[in-house]
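Asker:
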Amino acid sequence: MVELLALAMFLAPAAGGALVYRLWTTRRPRLTQTGLAVGQVPQRLRRRARMAVRREVAHG
Numbered sequence: 050m051v052e053l054l055a056l057a058m059f060l061a062p063a064a065g066g067a068l069v070y071r072l073w074t075t076r077r078p079r080l081t082q083t084g085l086a087v088g089q090v091p092q093r094l095r096r097r098a099r100m101a102v103r104r105e106v107a108h109g
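First residue of the sequence shown: 50, per the numbering used here; consecutive thereafter.
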């Protein structure tokens, strides 16, 4: 039982470190230079999704 506890004590920090490293390397990059003027809204936020159109009303 002591051996199992000792093994867990050695493996847990390694697994935690590997998880933190994986999350850190796969994170999205921060947008530092977007090329927008002051007060300008990004294109993705400015566009609205197309609204659903009822076929009976639109096409007779």
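Glycine residues also receive a C-beta, built at the ideal position from the N, C-alpha and C atoms. Predicted model, so just to flag it, every value in this text is computed and none were measured.
Given a cut-off of 8 Å on the beta-carbon distance, is the pair Leu85 and Pro78 in contact?
Answerer: no
Asker: To the nearest angstrom, how far is it from the Cα of Leu53 to the Cα of Ala61?
Answerer: When rounded, the separation of the alpha-carbon atoms in Leu53 and Ala61 is 12 Å.
Asker: What does the alpha-carbon distance come out to for the pair Arg93 and Tyr70?
Answerer: Approximately 30 Å between the Cα atoms of the pair.
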